[in-house]
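Participant: Below is one structure. I have some questions about it.
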Amino acid sequence: MRNIVFIFIALLMPVILLAETTLFSLKSEFTNELSSVYIDNASVYSVPQEIWYILLSPIFYVKDDTGKEYYVFQDNQEGNMCDGYDLHFFEKEAGKFEYKNTVNWCSPSYPEISFNNNSKEITIIGKFISKLTGKVTPARILYKNGEVIKNE
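Taking numbering that gives the first Met the number 0, the leading residue of the sequence shown gets 0, the next gets one more, and so forth.
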């Protein structure tokens, strides 16, 4: 009997995990000196650039108690002194993604991200590296209501 229960649970786990997963398509492109990000084939973020560099990777997702979803994406740049680059904040409500804010993140450390459901705040902790001196300092970024607050 134990073997049958284990098999049932093992087969049910992917269904449970997929039920909580939000799937979307993510694409970035560079045309006419404009870097653009598309989520589910809708343009959600564009910035004038001389060269294309926005290659976003989702690094954080959470859904609050009201059903609103929060996403943090990070630029992936190769050939610079950062392990990652800018962090982009998006929110999704009623099935629609909306770009909210961007903060520079040039850090030798991967950002540690947490969410406070009561205050609806995203906290990011890590280390910044000075592009001029190479000095590493602790960093703290707070995101709330579409705004980014740096506490270095």
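Even glycine gets a Cβ: it sits at the ideal position worked out from N, Cα and C.
Can Lys-91 and Lys-67 be called in contact, C-beta distance under 9 Å?
Facilitator: Walking along the sequence shown from the start, residue 91 turns up at place 92. Walking along the sequence shown from the start, residue 67 turns up at place 68. Yes; because the gap between Cβ atoms is below 9 Å, this pair is in contact.
Participant: DSSP on Gly-145, reduced to helix/strand/coil?
Facilitator: The count along the sequence shown starts at 1 and reaches residue 145 at position 146. Three-state result, Gly-145: coil.
Participant: Which residue comes first and which comes last in the beta strand (DSSP E) that contains Gln-73?
Facilitator: Looking up residue 73 in the sequence shown gives position 74. Gln-73 -> beta strand (DSSP E) spans 68-74.
Participant: Near Asn-116, which residues of its chain fall below 7 Å by C-beta distance, leaving aside the five closest residues on each side in sequence?
Facilitator: Sequence index remark: in the sequence shown, residue 116 carries index 117 (1-based). So the qualifying residues of the chain are Asp-63, Asp-64.
Participant: In angstroms, rounded to a whole number, what distance separates the CA positions of Arg-139 and Lys-149?
Facilitator: Looking up residue 139 in the sequence shown gives position 140. Looking up residue 149 in the sequence shown gives position 150. Cα to Cα, the separation comes out at about 6 Å.
Participant: Can you check which of these residues, Asn-75, Phe-96, Val-43, Ser-113, is closest to Trp-104 by C-alpha distance?
Facilitator: Within the sequence shown, the letter at position 105 stands for residue 104. When each option's Cα is compared against that of Trp-104, the closest is Asn-75.
Participant: Assign Pro-110 to buried or exposed, taking buried as 16 or more other Cβ atoms, counted over all protein chains shown, within 10 Å of its Cβ.
Facilitator: Sequence index remark: in the sequence shown, residue 110 carries index 111 (1-based). With 16 or more other Cβ atoms within 10 Å, it is buried.
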